[in-house]
Structures are given as structure tokens and as C-alpha cells.
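**Student:**
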Amino acid sequence: MDYTHCRLCPRQCGVNRLEAAGFCRCGSSPRVARAALHFWEEPCISGVRGSGTVFFSGCTLKCCFCQNYSISSGGFGKDIDVRRLGDIFLELEDKGAHNINLVTPTQYLPSILAALDLVRHRLTIPIVYNSGGYERPETIRELDGYVDIYLPDLKYFDSSLSGRYSAAPDYFSFASRAISAMIRQTGAPVLAEEEGCTLMKKGVIIRHMVLPGQKEDSKKLLRWMKESLPEGHFFLSLLSQYTPFFRSSEFPEINRRITTYEYNQVLDFAISLGLTAGFMQKKSSAREEYTPPFDLEGVDPTLPPSQDHR
Numbered sequence: 000m001d002y003t004h005c006r007l008c009p010r011q012c013g014v015n016r017l018e019a020a021g022f023c024r025c026g027s028s029p030r031v032a033r034a035a036l037h038f039w040e041e042p043c044i045s046g047v048r049g050s051g052t053v054f055f056s057g058c059t060l061k062c063c064f065c066q067n068y069s070i071s072s073g074g075f076g077k078d079i080d081v082r083r084l085g086d087i088f089l090e091l092e093d094k095g096a097h098n099i100n101l102v103t104p105t106q107y108l109p110s111i112l113a114a115l116d117l118v119r120h121r122l123t124i125p126i127v128y129n130s131g132g133y134e135r136p137e138t139i140r141e142l143d144g145y146v147d148i149y150l151p152d153l154k155y156f157d158s159s160l161s162g163r164y165s166a167a168p169d170y171f172s173f174a175s176r177a178i179s180a181m182i183r184q185t186g187a188p189v190l191a192e193e194e195g196c197t198l199m200k201k202g203v204i205i206r207h208m209v210l211p212g213q214k215e216d217s218k219k220l221l222r223w224m225k226e227s228l229p230e231g232h233f234f235l236s237l238l239s240q241y242t243p244f245f246r247s248s249e250f251p252e253i254n255r256r257i258t259t260y261e262y263n264q265v266l267d268f269a270i271s272l273g274l275t276a277g278f279m280q281k282k283s284s285a286r287e288e289y290t291p292p293f294d295l296e297g298v299d300p301t302l303p304p305s306q307d308h309r
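Under numbering that gives the first Met the number 0, the first residue of the sequence shown carries the number 0, and numbering increases by one thereafter.
1. To the nearest angstrom, report how far apart Ile-99 and Ser-179 are at their CA atoms.
2. Keeping to the same chain, check which residues put their C-beta closer than 7 Å to that of Pro-109; ignore five residues upstream and five downstream.
3. Quick one: what's Leu-238 bridged to in DSSP?
4. Which residue's Cα is closest to the Cα of Cys-196: Ala-113, Trp-39, Gly-46, Pro-151?
5. Check this for me: beta carbons of Met-181 and Pro-151, under 8 Å apart or not?
6. For Thr-185, name the three-state secondary structure that DSSP assigns.
7. If you check the beta carbons only, do Gly-244 and Phe-64 fall under 8 Å apart?
8. Using CA coordinates, which residue listed in Asp-216, Thr-301, Asp-267 is at the minimum distance from Met-279?
9. Would you mind reading off the limits of the beta strand (DSSP E) that contains Gly-162?
10. Alpha carbon to alpha carbon, how far is Thr-59 from Arg-24? Give it in angstroms, no decimals.
11. Select from Gln-106, Val-189, Gly-85, Thr-259 the residue whose C-alpha is nearest the C-alpha of Phe-22.
12. Which residue's Cα is closest to the Cα of Ala-113: Asp-80, Gly-162, Ala-177, Glu-90?
13. Where Val-298 and Ala-32 are concerned, what is the direct C-alpha to C-alpha distance, given to the nearest angstrom?
14. Counting pairs of Cβ atoms below 8 Å between the region 227-245 and the region 202-219, do you hit three or more?
15. Just the Cα atoms here: how many angstroms apart are Thr-103 and Trp-223?
16. What number of angstroms, rounded off, separates the C-alpha of Leu-160 from the C-alpha of Thr-301?
17. Whose CA, out of Gln-11, Phe-54, Val-14, lies closest to the CA of Thr-290?
18. Can you tell me whether Lys-154 is buried or exposed? The criterion is at least 16 other CB atoms within 10 Å of its CB, across all chains shown.
19. Should Tyr-260 be labelled buried (16 or more other beta-carbon atoms within 10 Å of its own) or exposed?
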């Protein structure tokens with residue numbers, strides 16, 4: 000696993016990222032936009048003290064509605080070395096983080112694994128792999144022994160939708176196999192009671208965000224989960240937070256928030272299938288204010304910390 004002929008993600012663009020950027024627009028130095036305690040993940044991830052989130056710049060997907068577009072497509076962030084990245088992990092633990100939450104990490108895995116090798120003998124909290132779900136199963140297998148919790152999206156079933164909105168017509172083919180590999184690796188969720196809250200220590204939470212006008216595609220994904228994944232081996236997190244961002248205006252059919260009816264239709268279908276282990280989201284979560292500020296907090300130690308307790 001290295002940068003010289005990059006095959007980290009399903010694009011497998013083969014670029015020597017020591018010399019040029021890949022499809023993800025990333026070189027070989029990890030670029031980080033924010034490293035701070037975050038309180039808006041699922042309750043078993045955020046807990047009471049927050050999840051130690053590290054937001055990496057760049058992305059292997061091109062989602063037209065990306066809420067983090069300033070870092071995923073805009074490239075905002077600061078290049079750091081492996082040693083600084085390892086120090087950031089330790090600093091987040093010292094601040095009380097329940098876990099280290101790697102957000103959109105795939106394009107920097109060689110550096111991330113090297114940083115974990117430097118410090119994991121000092122880390123006592125789980126490592127969370129928080130991704131868009133567009134992963135090679137082979138890459139997931141390389142993470143065995145490094146990652147405790149997987150937090151993937153499962154965005155689309157229909158290849159025409161994933162091609163139109165994320166420039167990835169092969170999305171479901173890769174995401175479905177990658178998520179199966181994650182579950183095989185972690186086994187059933189492991190939870191623990193700490194400080195009056197339930198925290199995940201190991202396992203998989205599959206996130207699905209309901210898109211405007213696409214409740215039938217959501218139902219296909221839920222049926223696939225029911226029929227293809229081992230019962231009791233994952234949590235479902237059904238999201239209602241879709242907000243038109245970035246290039247959504249170019250696609251009129253999704254240039255709106257979802258309705259309560261659309262979300263409830265998908266939620267009721269999940270319940271009818273018995274997919275009741277997990278989380279649902281209030282419609283009030285569809286707000287721009289829930290996107291964290293990308294201000295280099297925790298990345299550049301010369302900057303003062305901001306507050307993320309909205």
C-alpha cells in the first residue's frame with residue numbers, strides 16, 4: 000500500500016502521487032482541514048465527550064451535494080507529515096475523545112497507517128474509519144488490526160444515480176463488497192457502558208442518507224442489507240439531513256430537502272424488514288449549521304481552538 004502507483008480506491012488511477020495528484024486531487028502528504036472533538040455523530044460514537052474527528056481533504060467521490068465540498072473538492076487544508084498526524088491522534092485522546100474518527104481517509108491510507116504505527120501503542124481508544132463507502136475490499140482487508148469501527152455510507156443501489164450524482168457508476172458494486180468485508184472483519188457490534196452512555200468499541204454502522212425523490216432506491220438498499228448481510232452484525236443509521244449544497248442546483252430533482260413523507264416511507268420500510276438496530280435522525284438535522292467549521296483547528300497548533308457544541 001503506497002503512493003507510487005496508486006490503487007487505494009476503486010478508481011485505481013495508477014498515478015505516482017509522489018509526482019502528481021490522483022483522481023482524488025491529492026498528492027502524497029496528508030492534508031487535514033480540522034482535528035477536533037465532534038458531537039454530531041451517532042450517540043455511540045460521540046458519547047458525552049465527543050469523537051476525535053480528523054477531517055482529511057480530497058475525496059475519491061464527486062458528490063454534487065457534498066456538505067464538505069470546501070475540503071472534498073476545494074482542497075482546503077494544511078499539508079502535514081506522518082509524525083504530526085500521529086501527534087494529532089494523541090492530542091485528541093488527551094482532550095478526552097472517545098475515539099479517533101478518520102473522516103474521508105482512503106486517499107491517505109499509507110500515511111495514516113504509518114502514523115498509527117508510530118503511536119498506537121499509546122492509544123487506548125478505538126479507531127473509526129468514516130468513509131463514503133466507495134472502497135476496494137482489498138483495501139479494507141489491509142486495515143485489519145488498525146480499525147475497530149467502520150462508519151461507511153451506503154449511498155446508492157442504482158448505478159445511474161451513482162454515476163449522475165457522484166461520478167461513480169460502479170458505486171454499489173464496490174460499496175456492497177467493501178461493507179461485507181468490514182462486517183466480516185469486525186464481527187457483531189461490541190458496546191460498553193461508560194460515563195452514563197453506551198459507546199461502540201467495535202463494529203459497523205451503515206449510514207444511508209435518503210435523497211429527494213429516491214425513496215425507492217433507498218428501499219432497494221435496505222432490502223439488500225436484509226438479504227445479504229448477517230443479522231445482528233451491523234447497525235443502520237438512517238439519515239434525513241440531506242441539504243442542497245455545492246452543485247445540487249445543477250440537478251433540479253434533488254435541489255430541495257426531503258419531505259417528512261419521503262423519510263417516513265423509508266423508515267417504515269426498514270422497520271417492516273426488521274432493520275431496527277440503529278439510529279434514525281430528526282428532520283431538524285437538515286441544516287447547514289451542522290457542518291463543522293473547517294478552520295485548521297487542531298491541525299495548526301498556533302491557532303486557538305473553536306467550539307463545536309452547537
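Think of the CB as a built atom: it goes at the ideal place given N, C-alpha and C, for glycine as much as any other residue.
Please read these numbers as outputs of a predicted model, since none were measured by experiment.
**Tutor:** The relevant details are as follows:
1. 22 Å
2. Met-0, Asp-1, Tyr-2
3. Met-208
4. Gly-46
5. yes
6. helix
7. Correcting the residue identity first, residue 244 is Phe in this sequence and not Gly. Yes. Within cutoff.
8. Asp-267
9. First-last for Gly-162: 158-165, but that is the alpha helix (DSSP H), not the beta strand (DSSP E).
10. 9 Å
11. Gln-106
12. Asp-80
13. 7 Å
14. yes
15. 24 Å
16. 43 Å
17. Phe-54
18. buried
19. exposed
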